[in-house]
Amino acid sequence: MGSVADVYTTGDNDPEIEAERYVRHYLYCDGCGSFDLENWIPDGDAAVRAYPQWLGTLAIIAVPMVAVYVALSLGMTGCAPWTVLTAAAILVVGMLITGGGSARSQSAGMRCRQCKSRYAHGSAFFNDLDANPRQLSVGDVPRPLGRSPFLRGKSVE
266 MGSVADVYTT GDNDPEIEAE RYVRHYLYCD GCGSFDLENW IPDGDAAVRA YPQWLGTLAI
326 IAVPMVAVYV ALSLGMTGCA PWTVLTAAAI LVVGMLITGG GSARSQSAGM RCRQCKSRYA
386 HGSAFFNDLD ANPRQLSVGD VPRPLGRSPF LRGKSVE
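Okay, here's the thing in structure tokens:
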């Protein structure tokens with residue numbers, strides 16, 4: 266794994282906000298040196314990769330709107346239990362549609378978009394943040410800096 270270390274300072278010019286300094290480790294591919302990395306979902310999860318992302322966004326937007334509509338159409342007087350049960354049912358269905366943060370939608374690591382090399386979580390790619398085999402510097406990281414994947418390292422005093 267390759268990593269370029271850069272000391273980053275948070276906060277702004279307000280004296281009330283104490284600035285914090287820490288190291289950002291910008292990750293790059295061992296194979297080709299590219300900073301163009303993406304989350305990697307294992308090949309066995311083809312259903313997760315094929316899952317249309319717009320459907321999850323639609324469900325997240327539509328569920329509260331439908332719940333409010335049901336609450337208003339049934340009225341809050343005399344039908345409160347039905348309103349609550351209907352809203353709860355809609356939320357459960359929405360979570361089932363979007364995956365509800367289940368483990369099956371979790372990333373297994375990082376993959377290079379250029380050469381397709383894969384790096385699993387827990388491997389040396391993520392554990393040895395001081396490794397910089399290509400001797401790259403912060404000047405080699407694509408701008409803007411926040412666009413490239415990075416891990417937050419230890420604080421600097």
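Just so you know, we're using the working numbering here: the sequence shown kicks off at 266 and counts up by one.
By construction, the Cβ of each residue, glycine as well, lies at the ideal position given by its N, Cα and C atoms.
This one's a predicted model, so the numbers in the text were calculated from it and none came from an experiment.
- For F390, the uninterrupted alpha helix (DSSP H) run begins and ends at A389 to N392, by DSSP.
- Between the alpha carbons of C380 and A332 lies a distance of about 46 Å.
- Minimum Cα-Cα distance from S268 among the listed residues T351, F415 and H386 corresponds to F415.
- Per DSSP, reduced to three states, the secondary structure at G404 is helical.
- Boundaries of the beta strand (DSSP E) around S268: G267 to T274.
- Proximity of the segment 376-390 to the segment 272-287 falls short of the contact definition, fewer than three beta-carbon pairs being nearer than 8 Å.
- In the three-state reduction of the DSSP assignment, A324 falls in the helix class.
- Beta bridge pairing from DSSP links L410 with no other residue.
- Burial state of R417 is exposed, judged by a 10 Å Cβ sphere holding fewer than 16 other Cβ atoms.
- Comparing C-alpha distances from L356 to each of R378, I325 and C294 shows the shortest one belongs to I325.
- For V421, the secondary structure class from DSSP, reduced to helix, strand or coil, is coil.
- In the DSSP assignment, R289 falls within the unbroken beta strand (DSSP E) covering R286 to Y293.
- At a Cβ-Cβ threshold of 7 Å, G298 and R399 count as neighbours.
- Contact between S388 and Y291 fails: their C-beta atoms lie close to 18 Å from each other, not under 8 Å.
- About 7 Å separates the beta carbons of S420 and E285, which is inside the 8 Å limit, making them a contact pair.
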